[in-house]
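Asks: Protein chains in written order, with the UniProt record's numbering: chain R, 1 to 121; chain B, 1 to 121. My structure is below; once you've seen it, I'll send some questions.
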DNA sequence: CGGCATCCACATGGATACTG
DNA sequence: CAGTATCCATGTGGATGCCG
């Protein structure tokens, strides 16, 4: 608390009570969450079923729950853009969009270290 | 397939069959995995219980299973460094260590966007 | 120390159906 | 379209105990 100054790196929590990795992992370490955020980054604001299609076979239930979770954490915003016919739009909040470096690193790593054949190892 | 040339960024899988995010998320999107990798990055090679202590109250069972999973994916290596008394050492493989940028980004993001009070929101 | 075995509670997730 | 409700199989995870 007394420091928290200017180092952008050195985020390791050596001996600290609170660890940013743990909480971040709790947030986006949920299998589908990174994918959803990625899709929203990639395709921009999307409708429910549009998102569902892009997230490769996730069920309505799980997507619904995931989106709710993401909303609660302020990463995703839901807007009703039309009443008749009923249309909603899910988009990333500023905080959600700020996850881009994380997602980018994940994707970059996956692209470098995981090949399709490897995924079923 | 015809491209895949020199862009270090632009890892988005627009219309691609295989998505690096999805597979990466399957790998390290497991709540404890990023933390374990982080601890190994942070503290270096560790014994089982040492790791267990550092991962903030994870149970033996879950840690054991997680480590097994990480080993199967070639991210973590297990070495028996002593027979009597019995001692093992878990360390990151080269591939595992290559996750550092991902973990760093996660930690950096968490530090910036998640405060302790926020984690229980 | 470094685990695995067991039991059991609860969370997760798919399928299906149905509503506004 | 945008979900929610229900049912149910499976997974996950904690507690405990034990063994090499």
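Cβ atoms here follow ideal geometry from the backbone N, Cα and C, with glycine treated the same way.
For the beta strand (DSSP E) containing residue 83 of chain R, name the first residue and the last one.
Replies: It is not in any beta strand (DSSP E) - residue 83 of chain R carries neither H nor E in the DSSP assignment.
Asks: Looking at the ligand HEM, does it come within less than 6 Å of residue 71 of chain R, judged from the CB to the closest heavy atom?
Replies: The model on display carries no ligand, and the ligand HEM is accordingly not part of it.
Asks: Would you please verify whether the beta carbon of residue 78 of chain R is less than 7 Å from any beta carbon of chain B?
Replies: no
Asks: Counting only the same chain and skipping the five closest in sequence on each side, list residues whose C-beta sits under 8 Å from that of residue 32 of chain R.
Replies: 55, 58, 62, 63, 66
Asks: If we ignore side chains and look at the alpha-carbon of each, how far apart do residue 84 of chain R and residue 74 of chain R end up?
Replies: 27 Å
Asks: Spatial neighbours of residue 38 of chain B within its chain, please: CB distance less than 6 Å, with the 5 preceding and 5 following residues excluded, ordered by chain position.
Replies: The beta carbon of residue 38 of chain B is closer than 6 Å to those of 103 in its chain, skipping five residues each way along the sequence.
Asks: Under the DSSP definition of a beta bridge, which residues are partnered with residue 92 of chain R?
Replies: R:76
Asks: DSSP state of residue 66 of chain B, grouped into three classes?
Replies: helix
Asks: Identify which residue in B:20, B:60, B:21 has its Cα closest to the Cα of residue 36 of chain B.
Replies: B:60
Asks: Is the Cβ-Cβ distance between residue 76 of chain B and residue 44 of chain B less than 7 Å?
Replies: no
Asks: Using three-state DSSP, classify residue 46 of chain B as helix, strand or coil.
Replies: strand
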